[in-house]
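A.B. asks:
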Amino acid sequence: MVHSILPVWDANETWLVLVAGGLLALFPAAYSSLFSALYLPVFIMLLCLFLRALALEYRAQAAGELRHWLDKLLPLSSALAAFCQGWCAGKVMEGQSLFGFSLYALLSGFGLMAIYLMLGCCWIRWRIGESVEERANTLAWFFWVVALVLFLALILLNPDPWQQTWHGWGKAICLFIAALWLMLLIALYRLGPKWQIAITLALIAAVMAGIAWGIYPWLIPQQIDLHNSAADQVTQIFVLTGVAIVMPITLIYHTWAFWVFHGKVK
-9 MVHSILPVWD
1 ANETWLVLVA
11 GGLLALFPAA
21 YSSLFSALYL
31 PVFIMLLCLF
41 LRALALEYRA
51 QAAGELRHWL
61 DKLLPLSSAL
71 AAFCQGWCAG
81 KVMEGQSLFG
91 FSLYALLSGF
101 GLMAIYLMLG
111 CCWIRWRIGE
121 SVEERANTLA
131 WFFWVVALVL
141 FLALILLNPD
151 PWQQTWHGWG
161 KAICLFIAAL
171 WLMLLIALYR
181 LGPKWQIAIT
191 LALIAAVMAG
201 IAWGIYPWLI
211 PQQIDLHNSA
221 ADQVTQIFVL
231 TGVAIVMPIT
241 LIYHTWAFWV
251 FHGKVK
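If you count the sequence shown from 1, position 202 lands on 192 in the numbering used here, and the numbers rise without skipping.
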C-alpha cells in the first residue's frame, strides 16, 4: 500500500498550500479570524502531515522496532490530519463561535475521515488488485454507509445552508449530489475502482459547491462577508494572475505524475 502512494502522496498537500496562500492574499480578514480561532486544529493537522511524511519516507530505511512504530504512525497521523480538516470545515459551516467543542464539527471530522477511508479502499483495489480486493470492497461499502449517515446527520443538525442551496439553480446541485450518492452505490456494486474514485471525487466537489452556494455571500456565516473581507483590486488581480499561471502547471505536473505511476503495484 505504501509503495502505491509513495510517488504521489504529496500532491494533495500542494493544494492546501495554495488554498492557505490564496486565503491570506485575497481575504486577509478571514485568514486572520480563521487562523486565530482554529490555530490548534490547524497546528495538529500540519504536525500530522509532517509525521505522515516522516513515516512514509523513512520506513523503507528503518529496521526492526523503528519500522514497526513508523507503520503505526502512518495511519494514525493520516486519520488525525483528515479529522482536523473536517473539524475546521465544520466550525466554519456552523456559523457560530469558532472556539470550543462542537458536535457539528465533531461529526464533520468523522465524516471527512469516512469519505477519505472509502477513497483509500477504492485506491487499494485499483493499485494492488486481487490479493486485497474482497476486503477493500467490503470496507468501502462500510465507509459509504458511515459517510452517508454522517452527511445526513450534518444536514439535520444545521439545515440552513442546504435550505439556501435549495433555491433557484442551487436545487440542481442538491439533485446532482443525491444522484452521485446513488451512482456511487451502483459503482460499488457493479463498476471498477477507477469509476468509484472518480464518482467519489465528483461527490466531494459537488458537496463543496453546494455548501459554497448555501452560505454565499458569507465566508464565515453571519460573521465575515465575502465582499467586505476581500483585499483591494490590485492585490486580487496580481494574485489571480499568479494562480492562472501556477494552477495549470500544477495540474499538468500532477496528471503526468499519476500517469507515470499508474497501474498495479508490483
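A virtual CB, placed ideally from N, CA and C, is assigned to each residue, including glycine.
Taking the CB atoms as reference points, tell me whether residue 42 and residue 28 lie closer together than 9 Å.
C.D. replies: No. Outside cutoff.
A.B. asks: Shortest alpha-carbon distance to residue 166 belongs to which of 198, 101, 136?
C.D. replies: Residue 198 is the option with its Cα nearest to residue 166.
A.B. asks: Unbroken alpha helix (DSSP H) runs of length 4 or more, entirely within the segment 73 to 147: which are they?
C.D. replies: Runs of the alpha helix (DSSP H) inside the segment 73 to 147: 93 to 117, 120 to 147.
A.B. asks: With contact counted as at least three CB pairs below 8 Å, one residue from each stretch, are the segment 5 to 14 and the segment 226 to 244 in contact?
C.D. replies: Contact between the segment 5 to 14 and the segment 226 to 244 is present, because at least three Cβ pairs lie under 8 Å.
A.B. asks: For the beta strand (DSSP E) holding residue 209, just list the boundary residues, first then last.
C.D. replies: Note, residue 209: beta strand (DSSP E), 208 to 210.
A.B. asks: Could you name each continuous alpha helix (DSSP H) segment of 4 residues or more that falls completely within the segment 18 to 77, going from the start of the chain to the end?
C.D. replies: Correct list: 18 to 27, 29 to 48.
A.B. asks: Per DSSP, residue 235 forms a beta bridge with which residues?
C.D. replies: None, per the DSSP bridge assignment.
A.B. asks: With 16 as the cutoff for other CB atoms within 10 Å, does residue 110 come out buried or exposed?
C.D. replies: Its Cβ being crowded by 16 or more others within 10 Å, residue 110 is buried.
A.B. asks: Quick check on DSSP: helix, strand or coil for residue 215?
C.D. replies: Correct three-state label for residue 215: strand.
A.B. asks: Is the distance from the Cβ of residue 276 to the Cβ of residue 249 below 9 Å?
C.D. replies: In the structure as shown, the chain begins at -9 and stops at 256. Residue 276 is therefore absent and cannot be evaluated.
A.B. asks: Is the segment 24 to 39 touching the segment 84 to 104 in the sense that three or more CB pairs, one from each, lie closer than 8 Å?
C.D. replies: Touching, per the Cβ criterion.
A.B. asks: When you compare the segment 209 to 217 with the segment 95 to 115, are there three or more beta-carbon pairs, one atom per stretch, that lie closer than 8 Å?
C.D. replies: Flag = no, the segment 209 to 217 and the segment 95 to 115 do not touch.
A.B. asks: Can you tell me whether DSSP reads residue 157 as helix, strand or coil?
C.D. replies: Coil at residue 157, not helix or strand.
A.B. asks: With a CB to CB cut of under 6 Å and the five nearest residues on each side skipped, what residues in its chain are close to residue 156?
C.D. replies: Result list for residue 156: 164, in chain order.
A.B. asks: Within this structure, are the beta carbons of residue 186 and residue 220 separated by less than 9 Å?
C.D. replies: No, the Cβ-Cβ distance between residue 186 and residue 220 is not below 9 Å.
A.B. asks: Assuming residue 193 and residue 209 are in contact, meaning their beta carbons sit under 8 Å apart, how far apart are those beta carbons, in whole angstroms?
C.D. replies: No, residue 193 and residue 209 are not in contact; Cβ-Cβ is about 23 Å, not under 8 Å.
A.B. asks: Under 9 Å, do residue 160 and residue 200 count as touching if we go by C-beta distance?
C.D. replies: Taking 9 Å as the Cβ cut-off, residue 160 and residue 200 qualify as a contacting pair.
A.B. asks: Could you tell me which of 243, 255, 251, 253 sits nearest to residue 4, measuring between CA atoms?
C.D. replies: The option with the nearest alpha carbon to residue 4 is 243.
A.B. asks: Report the rounded CA-to-CA distance for residue 23 versus residue 52, giving the unit in angstroms.
C.D. replies: Taking the straight line from one Cα to the other gives about 41 Å.
A.B. asks: I'd like the span of the alpha helix (DSSP H) that includes residue 198, first residue to last.
C.D. replies: Per DSSP, residue 198 belongs to the alpha helix (DSSP H) from 183 to 205.
A.B. asks: Check whether the Cβ of residue 174 lies closer than 8 Å to any heavy atom of the ligand SAH, and answer yes or no.
C.D. replies: As for the ligand SAH, it is missing from this structure, which has no ligand bound.
A.B. asks: Given that a residue counts as buried once 16 or more other Cβ atoms are within 10 Å of its Cβ, and exposed if not, what is residue 207?
C.D. replies: Residue 207 is exposed by the Cβ-count criterion.
A.B. asks: Locate the alpha helix (DSSP H) running through residue -7, then write down its first and last residues.
C.D. replies: Per DSSP, residue -7 belongs to the alpha helix (DSSP H) from -8 to -5.
A.B. asks: For residue 0, which of helix, strand or coil comes out of DSSP?
C.D. replies: Correct three-state label for residue 0: coil.
A.B. asks: If you compare alpha carbons, which of 235, 253, 251 is closest to residue 8?
C.D. replies: Nearest C-alpha to residue 8: 235.
A.B. asks: Quick check on residue 150: does DSSP put it in helix, strand or coil?
C.D. replies: Three-state result, residue 150: helix.
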